[in-house]
Amino acid sequence: MTKITIRRVDQKDLKTLQALSRRTFVETFGSVNTSQDMATYLQRAFAQEQLLQELLTPGSEFYFALIEDEIVGYLKLNQAGAQTEDVAPNALEVQRLYVCQKAQHMGVGRTLMDFALQRAQQCHHKAVWLGVWNQNRKAQAFYQQYGFVQVGQHEFILGTDHQIDNIVLKELF
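Residues 104 to 276 (this note's numbering) make up the sequence shown, in order.
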């Protein structure tokens, strides 16, 4: 079995986080969105200044997943006021969970999600929630395996394309 480790991201990792964020987003969504919409989104969402601000936001935590010494995925968690929406009381948001294409089906996504759930329990959260694109059946199935259920929807703007994300929630206690 592949040994996967998790480590916290800090400011010195900013350029690596930026490259990984862009790479995994393109690998995941590049083939189903226009190149112009992708470029607009990547420039805005994954600019160094934007990522630095997110890294420094109280209640936001980034983690890398590594196989041996290679970073193959990442996770962004938001607590309290750092959350992008108020979905449920005392909940933890999984804002981003991405795995490099070459490391998929190796347990990296599961390791990151297990870590997120453990982190939620450590911080005494009662629920975990996230938004998942309503066209991403693979991700929806992944979250359903963990017991997440749809509780709503929100709009996600990718460039000029207004998309719909399903908001899914898993209660912990």
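All residues carry an ideal CB built from backbone N, CA and C; glycine is no exception. None of these values were measured; they are calculated from a predicted model.
Cα-Cα separation, residue i to residue j
| i | j | result |
| --- | --- | --- |
| residue 209 | residue 139 | 32 Å |
| residue 232 | residue 151 | 26 Å |
| residue 165 | residue 239 | 23 Å |
| residue 200 | residue 137 | 22 Å |
| residue 266 | residue 203 | 23 Å |
| residue 197 | residue 143 | 23 Å |
| residue 246 | residue 145 | 25 Å |
| residue 114 | residue 157 | 10 Å |
Cut-off 7 Å between Cβ atoms - residues of its own chain near residue i, not counting five sequence neighbours on either side
| i | result |
| --- | --- |
| residue 183 | 162 |
| residue 105 | 170, 209, 210 |
| residue 277 | Missing from the structure shown is residue 277; the chain here goes from 104 to 276 and no further. |
| residue 268 | 234, 235, 236, 237, 256, 257, 259 |
Exposure label - residue i; buried when at least 16 CB within 10 Å
| i | result |
| --- | --- |
| residue 222 | buried |
| residue 118 | exposed |
| residue 244 | exposed |
| residue 133 | exposed |
| residue 260 | exposed |
| residue 160 | exposed |
| residue 241 | exposed |
Same chain, Cβ closer than 8 Å to residue i, five either side skipped, listed in chain order
| i | result |
| --- | --- |
| residue 275 | 220, 223, 224, 228, 229, 230, 231 |
| residue 149 | 121, 124, 125, 128 |
| residue 277 | The question about residue 277 has no answer here: the residues shown for the chain are numbered 104 through 276. |
| residue 154 | 117, 120, 121, 124 |
| residue 135 | 238 |
Bounding residues of the alpha helix (DSSP H) (the contiguous stretch that carries residue i)
| i | result |
| --- | --- |
| residue 140 | 138–148 |
| residue 177 | Unbroken run through residue 177 is the beta strand (DSSP E), 173–182; no alpha helix (DSSP H). |
CB contact flag (residue i, residue j, <9 Å)
| i | j | result |
| --- | --- | --- |
| residue 234 | residue 187 | yes |
Own chain residues within Cβ distance below 6 Å of residue i, not counting five before or after
| i | result |
| --- | --- |
| residue 167 | 110, 112, 174, 177 |
| residue 251 | 271, 273 |
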